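I have placed the structure first, in the form of structure tokens, so that the comments after it can refer back to it.
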Amino acid sequence: MPTDTDENTPAAPLPSGSLAMLLVGAGRAAQRRIEKALAPHGLTLRHLGALGHLSRRPDMSYSDLARRAGVTTQSMHATVRQLQELGAIDKEPTGQGQRARLDVTAKGREVLAEVAATLRELDAELSRDLPEGGERFKSFLIGLTANSDGTT
């Protein structure tokens, strides 16, 4: 006799129109559009995140950047190395045992400005499709991302 946990029992379908699943899908669609816009610059979202954080707080360590991106420190080292190769970041030489200082270069600031302009265009395009009350929806999304650690 089959039980609820029997592997032959079909899984319950996801509710169609689930707000949570729609948000996941919308997020993925937006991510693809952003990644497409970043590609000509040789950047990914991880690169953009690291570059943006360093432009605001140049004192951040590899570990700080990794925690914010949700990746390992080793993975962030690779990301920063790629940004150095692109000329977007300089790594200041330090003494042994001292934390490396990572500085956004003029080219890095230029790339950030170009990407910001591209994101503004994408935002305008997405906003055109928002129904009346779009600002309330945007505030709702900001609230969701502010509580993304699962707390309320």
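If you number the sequence shown the way our numbering does, the last residue is 132 and the count never jumps.
Each residue gets a CB set at the ideal place from its N, CA and C atoms; glycine is no exception.
In this text the structure is predicted, and so the values were computed from the model without any measurement.
_Bridge partners for residue 71 per DSSP, in chain order?_
82
_According to DSSP, is residue 1 part of a helix, a strand, or is it coil?_
helix
*For residue 138, which of 2, -12 and 15 has the nearest alpha-carbon?*
Outside the displayed span of the chain (-19 to 132) sits residue 138, for which this structure offers no information.
*asked:* Taking the alpha helix (DSSP H) that residue 41 belongs to, which residues open and close that run?
replied: Run containing residue 41: none; DSSP gives neither H nor E here.
*Are residue 66 and residue 27 close, meaning C-beta to C-beta below 9 Å?*
yes
_Once DSSP output is grouped into helix, strand and coil, what is the label at residue 37?_
coil
*Answer with buried or exposed for residue 84, where buried requires no fewer than 16 other C-beta atoms within 10 angstroms of its C-beta.*
buried
*Mind the definition here: the segment 46 to 63 touches the segment 0 to 18 only if three or more C-beta pairs lie below 8 Å; say whether that holds.*
no
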